[in-house]
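Peer 1: I'd like to ask you about the structure that follows.
Protein chains: 2
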Amino acid sequence: MTATLRDVAREAQVDVSTASRALNGRAGVKKELRERVRAVARRLNYRPNLVARGLVTGRSSVIGLLISDIRNPFMAELARAAEDAACRAGYDIILCNSDLNPAKQMRYFLSLLDQRVGGVVMNSVAALGREDRERIAQSRIPVVLLSRPPRDCSFSSVRCNNERGGYLAGAYLAGLGHTKVAHLTSAVQHPNLRERWQGFSRAMQQVRKGRRPVLLRGAHNFRGGFEMAQRLLEKHPKVTAIFAANDSIAFGAASALHAAGVRIPEDISLIGFDNVEMASIVQPPLTTISLPISEIGKAAVDIIVRQISGKDQVPEHRTFDVRLVERESCRQRQR
Amino acid sequence: MTATLRDVAREAQVDVSTASRALNGRAGVKKELRERVRAVARRLNYRPNLVARGLVTGRSSVIGLLISDIRNPFMAELARAAEDAACRAGYDIILCNSDLNPAKQMRYFLSLLDQRVGGVVMNSVAALGREDRERIAQSRIPVVLLSRPPRDCSFSSVRCNNERGGYLAGAYLAGLGHTKVAHLTSAVQHPNLRERWQGFSRAMQQVRKGRRPVLLRGAHNFRGGFEMAQRLLEKHPKVTAIFAANDSIAFGAASALHAAGVRIPEDISLIGFDNVEMASIVQPPLTTISLPISEIGKAAVDIIVRQISGKDQVPEHRTFDVRLVERESCRQRQR
DNA sequence: CTGAAAGCGCTAACAG
DNA sequence: CTGTTAGCGCTTTCAG
Chain A
1 MTATLRDVAR
11 EAQVDVSTAS
21 RALNGRAGVK
31 KELRERVRAV
41 ARRLNYRPNL
51 VARGLVTGRS
61 SVIGLLISDI
71 RNPFMAELAR
81 AAEDAACRAG
91 YDIILCNSDL
101 NPAKQMRYFL
111 SLLDQRVGGV
121 VMNSVAALGR
131 EDRERIAQSR
141 IPVVLLSRPP
151 RDCSFSSVRC
161 NNERGGYLAG
171 AYLAGLGHTK
181 VAHLTSAVQH
191 PNLRERWQGF
201 SRAMQQVRKG
211 RRPVLLRGAH
221 NFRGGFEMAQ
231 RLLEKHPKVT
241 AIFAANDSIA
251 FGAASALHAA
261 GVRIPEDISL
271 IGFDNVEMAS
281 IVQPPLTTIS
291 LPISEIGKAA
301 VDIIVRQISG
311 KDQVPEHRTF
321 DVRLVERESC
331 RQRQR
Chain B
1001 MTATLRDVAR
1011 EAQVDVSTAS
1021 RALNGRAGVK
1031 KELRERVRAV
1041 ARRLNYRPNL
1051 VARGLVTGRS
1061 SVIGLLISDI
1071 RNPFMAELAR
1081 AAEDAACRAG
1091 YDIILCNSDL
1101 NPAKQMRYFL
1111 SLLDQRVGGV
1121 VMNSVAALGR
1131 EDRERIAQSR
1141 IPVVLLSRPP
1151 RDCSFSSVRC
1161 NNERGGYLAG
1171 AYLAGLGHTK
1181 VAHLTSAVQH
1191 PNLRERWQGF
1201 SRAMQQVRKG
1211 RRPVLLRGAH
1221 NFRGGFEMAQ
1231 RLLEKHPKVT
1241 AIFAANDSIA
1251 FGAASALHAA
1261 GVRIPEDISL
1271 IGFDNVEMAS
1281 IVQPPLTTIS
1291 LPISEIGKAA
1301 VDIIVRQISG
1311 KDQVPEHRTF
1321 DVRLVERESC
1331 RQRQR
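Taken in sequence, the protein lines are chains A and B.
So that you can map any letter, position 235 of the first sequence is 235 in this note's numbering, and since no number is skipped, the others follow by simple counting.
For this note's numbering, count along the second sequence from 1 and bump the result up by 1000.
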């Protein structure tokens, strides 16, 4: 059905190897021949079979993107930027949703290996056992983590300064006079989330009268935020400010608060993390910690691409800065 | 580095063909041998090279998902469902964002062909020229459109009843007494969006005093909705209700309205389309047309999988029903 | 039931 | 500069 290199070669009356060279623009092909081959290829609608090429060259033109859940707007933005960068570099992206489930994550990684992807951008390997981590390292393909990498490991990483982001959130709330605060985060032990919590705690410890924040764990999505806020209202009614570990959690919390007749920011202040597009449009607009999501996605793919083509397999690490975006979901604590 | 079938065969002291049969569970291998081969494979961490397998069998285990933009929450939900279904069937998903740009769309389709994907789920081919459509059809791989297919074409399709959805929105607004209404939709001539508009128009024509709705076109995303609403306020200040062609547009419009001091639903009623998760959490919660997004994504992949494995290449068409979800963004028109 | 041989479509030495 | 040869890792006839 679809024309092969042999068809082109036969039609142009040259050998397949010559046709290959001509089409790939490799040096050492007479101009006239190259033109002829290219003309035939165009006429036959020839398209190179990347599967075959990958088999012989040993390198594929596919990159795996193994994330928690594409429905998380943060991940969608990141995936979009990653896909754009990959496309520009001539790569395709295979999308996998792990829900941060370790078993699922490992299964997906192996299946990406089966597809002989050139590299993988993935959330984190913190939840995986030593053996699995070893297995990933042994695969010898470039891996970029979207979180702080474990010590002495061969993976690259791209992330934001989570600790500082958490600190900014805490300092901001403390500055508004809030002493009884809560942090809504995930049940999963993800480095990014842990660091946010650490930064937040550090900020709260620095203020006098600062009590230890209430820590609630649940699913790190809209529903989880909703449920955690409900629990919070029931068990810790004195809390005057909430720091959500990401914007999705914040949205869920806002929804629960609203349903319970608790006003934001009059009754409770709310601050998020990520600054996804939606943060600016919910009512009230969400004060949150902003990070360059697209740049992170792009940087991750760029590292993979560089490591695939170059031979420098030295891991690269990039940390992006964060900043607080003040909108309308927080205010001075009322006496 | 990674063990090959030959390694397994040598280690198990059988021929590669026997090893292949044993591992693939094909009939006609003595039990004892099969066990031995499998044991060796496990010991060597053998994983089949799907690229090589695809080359010889001619069928790949990858499906292309060629959509407008994964950042659209509707698409993210659909992609997630599609990926889940694909994974269950042993397929991987390659993600491509076309922005509905015809040239980009075609480029991506061809690049998916280069990867020898087994099939493609894509938005629509309406924007493509005849020649490109022909090219897609000639590829002979199963294609599922997420919109009404052009007549006499060989593609399958999965979609919702857009016309009815538009009609429901129109009838609802008319029932609330709105006669001066506007429709905010995309500049792109997408069948889904056109059908929504047609249904909406039909509903408005049925009411007495119903004027022709104002029709505004822009980007079918948050920003587009924002800009269209601004234009609307400036040029058509008398409008009392807005039907947005999708929820993202509605969110953008809500934001612009809010920024201009126009209240929803007191001053203007707003209804969306898609019922993405966010619709229930914005303030006020968005009244919208609901469709089974996940089922659509799953159905699309299921059709591809069925057509790849079975030999029935007859196109399949599925239409899902819609319903109106009444929340708080619309109210009776005030005199 | 198992092995030998051919070949998927392509690239990459190596000769000429 | 071009053709010849070999082979990537796997499946699949075809013999034995």
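All residues carry an ideal CB built from backbone N, CA and C; glycine is no exception.
1) In the DSSP assignment, what are the bridge partners of A/Gly-297?
2) Would you check if the stretch 122-133 of chain A and the stretch 101-111 of chain A touch, i.e. whether three or more CB-CB distances between them fall below 8 Å?
3) Can you confirm whether A/Asn-24, when its beta carbon is compared against all beta carbons of chain B, has any partner nearer than 8 Å?
4) Does the beta carbon of A/His-258 sit closer than 8 Å to a beta carbon anywhere in chain B?
5) Flag A/Arg-47 as yes if its beta-carbon sits less than 8 Å from any beta-carbon of chain B, otherwise no.
6) Could you give the DSSP three-state label for B/Cys-1330: helix, strand or coil?
7) Starting from A/Ser-201 and walking both ways along the alpha helix (DSSP H), at which residues does that stretch end?
8) Counting only the same chain and skipping the five closest in sequence on each side, list residues whose C-beta sits under 7 Å from that of A/Pro-213.
9) Flag this pair as touching only if the stretch 1074-1092 of chain B and the stretch 1291-1302 of chain B have three or more C-beta atom pairs under 8 Å; answer yes or no.
10) Please check if any C-beta of chain A sits within less than 8 Å of the C-beta of B/Val-1282.
11) Give the DSSP bridge partners of A/Arg-159, in chain order.
12) Using CA atoms only, rank isn't needed, just tell me which of B/Glu-1328, B/Arg-1038 and B/Arg-1026 is closest to A/Ala-259.
13) So with Cβ pairs under 8 Å, would you call B/Leu-1113 a contact of chain A?
14) Just tell me which of A/Gly-28, A/Ala-126, A/Pro-265 and A/Ser-20 has its CA closest to the CA of A/Val-37.
15) Can you find a CB in chain A that lies within less than 8 Å of the CB of B/Asp-1132?
16) Based on Cα-Cα distance, which residue from A/Val-325, A/Ala-137, A/Ile-93 and A/Arg-331 lies nearest to A/Glu-173?
17) Got a sec, what are the start and stop residues for the beta strand (DSSP E) A/Val-120 sits in?
18) Evaluate the contact criterion for the stretch 1061-1077 of chain B versus the stretch 1087-1101 of chain B: three or more CB pairs, one atom per stretch, below 8 Å.
19) Would you kindly report the start and end of the unbroken alpha helix (DSSP H) that includes B/Asp-950?
20) For the stretch 1163-1173 of chain B against the stretch 1140-1147 of chain B, are there 3 or more C-beta pairs whose distance is under 8 Å?
21) Tell me where the beta strand (DSSP E) around A/Leu-65 begins and ends.
22) Which stretch, first to last residue, makes up the beta strand (DSSP E) that contains B/Cys-1351?
23) Considering only DSSP beta bridges, list what B/Phe-1273 is partnered with.
24) Closer than 8 Å between beta carbons: that is the criterion. Which residues of the stretch 1218-1247 of chain B meet it against chain A?
25) Do you know offhand how far A/Asp-321's Cα is from A/Ser-98's?
26) Give every residue of the same chain whose Cβ lies closer than 6 Å to the Cβ of B/Leu-1233, excluding the five residues on either side of it in the sequence, and list them in chain order.
27) Please list the terminal residues of the continuous alpha helix (DSSP H) segment that includes B/Arg-1010.
28) Could you work out which residue in A/Thr-2, A/Asn-24, A/Gly-25 and A/Glu-32 is closest to A/Gln-13 when comparing CA atoms only?
29) Report, in whole angstroms, the separation of the C-beta atoms of B/Thr-1240 and B/His-1190, which I expect to be a contact under 8 Å.
30) Taking 8 Å as the cut-off, does the stretch 1049-1061 of chain B touch the stretch 1245-1257 of chain B (at least 3 CB pairs, one atom from each stretch)?
31) Can a CB atom of chain B be found closer than 8 Å to the CB of A/Gly-54?
32) Buried or exposed: where does A/Gly-118 fall if 16 or more other Cβ atoms within 10 Å of its Cβ makes it buried?
33) Taking DSSP as the reference, what is the three-state secondary structure of B/Thr-1240?
34) Where does the unbroken alpha helix (DSSP H) through A/Asp-247 begin, and where does it stop?
35) Grab the span of the alpha helix (DSSP H) containing B/Ala-1041 for me, first residue to last.
Peer 2: Reading from the atomic positions:
1) Position 297 of the first sequence holds residue 297 of chain A. Answer by DSSP bridge pairing: none, since A/Gly-297 is not bridged.
2) With three or more CB-CB distances shorter than 8 Å, the stretch 101-111 of chain A counts as touching the stretch 122-133 of chain A.
3) Reading the first sequence from its first residue, position 24 is the one you call residue 24 of chain A. False, the Cβ-Cβ gap to chain B never drops below 8 Å.
4) Here residue 258 of chain A corresponds to residue number 258 of the first sequence, with the count starting at 1. So, interface residue.
5) Locating residue 47 of chain A in the first sequence gives position 47, where the first residue counts as 1. Output row for A/Arg-47: interface = yes.
6) As a first step, residue 1330 of chain B must be located in the second sequence, where it is residue number 330. Coil at B/Cys-1330, not helix or strand.
7) On the first sequence, residue 201 of chain A is found 201 positions in, with the first residue counted as 1. It spans 191-206 - the alpha helix (DSSP H) in which A/Ser-201 sits, taken as one unbroken run.
8) The residue given as residue 213 of chain A occupies position 213 in the first sequence. Within the same chain, A/Pro-213 has close Cβ partners Val-181, Ala-182, His-183, Phe-200, Ser-201 and Met-204.
9) Result yes; three or more Cβ-Cβ pairs closer than 8 Å.
10) Mapped onto the second sequence, residue 1282 of chain B falls at position 282. Yes, B/Val-1282 counts as interfacial toward chain A.
11) Reading the first sequence from its first residue, position 159 is the one you call residue 159 of chain A. According to DSSP, A/Arg-159 bridges with A/Thr-319.
12) Numbered from 1 along the first sequence, position 259 holds the residue referred to as residue 259 of chain A. It is B/Glu-1328 whose Cα lies nearest to the Cα of A/Ala-259.
13) What you label residue 1113 of chain B is simply residue 113 of the second sequence in a count that begins at 1. Taking a beta-carbon distance threshold of 8 Å, B/Leu-1113 counts as an interface residue toward chain A.
14) Counted from its first residue, the first sequence places residue 37 of chain A at position 37. Per the C-alpha coordinates, the member of A/Gly-28, A/Ala-126, A/Pro-265 and A/Ser-20 positioned closest to A/Val-37 is A/Ser-20.
15) Within the second sequence, numbered from 1, the residue matching residue 1132 of chain B stands at position 132. False, the Cβ-Cβ gap to chain A never drops below 8 Å.
16) If you number the first sequence from 1, residue 173 of chain A lands on position 173. Contrary to the premise, residue 173 of chain A reads as Leu rather than Glu in this sequence. Ranking A/Val-325, A/Ala-137, A/Ile-93 and A/Arg-331 by CA distance to the CA of A/Leu-173 puts A/Arg-331 first.
17) Start at 1 with the first residue of the first sequence, and residue 120 of chain A comes out as number 120. From DSSP, the beta strand (DSSP E) with A/Val-120 extends over 119-122.
18) With the rule of 3 Cβ pairs closer than 8 Å, the stretch 1061-1077 of chain B counts as touching the stretch 1087-1101 of chain B.
19) It is not possible to answer for residue 950 of chain B, since the shown part of chain B is limited to 1001 through 1335.
20) The count of Cβ pairs closer than 8 Å, one atom from the stretch 1163-1173 of chain B and one from the stretch 1140-1147 of chain B, stays below three, leaving the stretches out of contact.
21) Position 65 of the first sequence holds residue 65 of chain A. Looking at the DSSP string, the run of the beta strand (DSSP E) that includes A/Leu-65 is 62-67.
22) Absent from the structure is residue 1351 of chain B, since the part of chain B shown begins at 1001 and ends at 1335.
23) The count along the second sequence starts at 1 and reaches residue 1273 of chain B at position 273. BP columns for B/Phe-1273 point to B/Ile-1289.
24) Listed in sequence order: Phe-1222.
25) Residue mapping note: residue 321 of chain A aligns to position 321 of the first sequence, counting from 1. Residue mapping note: residue 98 of chain A aligns to position 98 of the first sequence, counting from 1. The straight-line gap from Cα to Cα measures roughly 27 Å.
26) Looking up residue 1233 of chain B in the second sequence gives position 233. Only Ala-1260 meet the Cβ criterion.
27) Residue mapping note: residue 1010 of chain B aligns to position 10 of the second sequence, counting from 1. According to the DSSP assignment, B/Arg-1010 belongs to the alpha helix (DSSP H) that extends over 1005-1012.
28) On the first sequence, position 13 is the one that residue 13 of chain A refers to. It is A/Glu-32.
29) Counting from one through the second sequence, the residue named residue 1240 of chain B turns up at place 240. Counting from one through the second sequence, the residue named residue 1190 of chain B turns up at place 190. So it is not a contact: roughly 27 Å between Cβ atoms.
30) Touching, no.
31) Residue numbering aside, residue 54 of chain A sits at position 54 when the first sequence is read from its first letter. Among the residues facing chain B, A/Gly-54 is included, as its CB has a counterpart in that chain under 8 Å away.
32) Your numbering for residue 118 of chain A matches position 118 in the first sequence. Buried is the call here.
33) In the second sequence, residue 1240 of chain B corresponds to position 240, counting from 1. The answer is coil: DSSP assigns B/Thr-1240 none of H, G, I, E or B.
34) Reading the first sequence from its first residue, position 247 is the one you call residue 247 of chain A. Unbroken alpha helix (DSSP H) run through A/Asp-247: 247-259.
35) Along the second sequence, read from residue 1 onward, the residue named residue 1041 of chain B stands at position 41. Bounds of the alpha helix (DSSP H) holding B/Ala-1041 are 1031-1043.
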